[in-house]
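Chemist: Each residue of the sequence shown is one higher than the one before, counting from 1 in the numbering used here. Handing you a structure now.
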Amino acid sequence: MAREFCRVHRVAQEIKKEISIILHQKIKDPRVKMATISGVEVSSDLAYSKVFVTFLSISSKEHETDMVKNGIKVFNSNLAKYIRFLLSKAMRLRIVPELTFFYDSSLVEGMRMFNLVSNVVRDDERSFHNAKDDRDSE
1 MAREFCRVHR VAQEIKKEIS IILHQKIKDP RVKMATISGV EVSSDLAYSK VFVTFLSISS
61 KEHETDMVKN GIKVFNSNLA KYIRFLLSKA MRLRIVPELT FFYDSSLVEG MRMFNLVSNV
121 VRDDERSFHN AKDDRDSE
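This is the structure we're talking about:
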């Protein structure tokens, strides 16, 4: 059973690498220009895979939401079959997994959490210095 997991994991990593290369070299669609593959999960029978995508250079929340929705829609409707075809040329697999693309919000959430923690630390330092100044002035 452990060996099966290793194969699934290796195939997922290879799919991630190959899709990244395909996006960089073959796909010229401006709607997915700034897309990055952040992860791939493959089913145990290697028939299906979830591809997690992040989009870089997002300016505002409204623009971000539209860009994400349009990008994922483009990936799932137009590009999934083409990318799967290109994967079949690049990889030696009996069955190339069916690709389904999902937005990976972990990068955005990680940045949000980092900002929250940074703000709390900064506020804590300020209150510490203010309390210290108050004690010194007495």
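We treat Cβ as the ideally placed atom computed from N, Cα and C, and that holds for glycine.
For ALA90, which residues of its own chain have a beta-carbon under 6 Å away from its beta-carbon, when the five flanking residues on both sides are left out?
Modeler: These residues qualify, in order along the chain: GLU18.
Chemist: Relative to the alpha-carbon of PHE102, which residue among ARG94, ILE21, ILE37 has its alpha-carbon at the smallest distance?
Modeler: By alpha-carbon distance to PHE102, the top candidate from ARG94, ILE21, ILE37 is ILE37.
Chemist: Would you check if the distance between the CB atom of LEU107 and the CB atom of ILE83 is smaller than 8 Å?
Modeler: no
Chemist: In three-state terms, what does DSSP make of ALA80?
Modeler: Residue state, collapsed to three classes: helix.
Chemist: What does DSSP give as the partner residue(s) for ALA35 in the beta ladder?
Modeler: ALA35 pairs with PHE55.
Chemist: Could you pull out every residue in the same chain whose Cβ sits closer than 7 Å to the Cβ of PHE75, ignoring the five residues on either side in sequence?
Modeler: VAL32, VAL53, PHE101
Chemist: Have a look at VAL51, THR65, ILE95, LEU93 and flag the residue whose alpha-carbon is nearest the alpha-carbon of ALA80.
Modeler: Its Cα nearest to that of ALA80, the residue VAL51 stands out among VAL51, THR65, ILE95, LEU93.
Chemist: Taking all protein chains shown into account, decide if PHE55 is buried (16 or more other Cβ within 10 angstroms of its Cβ) or exposed.
Modeler: Looking at its Cβ environment, which holds 16 or more other Cβ atoms inside 10 Å, PHE55 is buried.
Chemist: Roughly how many angstroms lie between the CA atoms of HIS9 and LYS16, to the nearest whole one?
Modeler: Each residue's CA atom was taken as its position, placing HIS9 and LYS16 some 11 Å apart.
Chemist: Checking 8 Å against the spacing of the C-beta atoms, do SER49 and PRO97 come in under that value?
Modeler: yes
Chemist: Thinking C-beta only, is LEU93 closer than 8 Å to LEU46?
Modeler: Yes, these two residues count as a Cβ contact at 8 Å.
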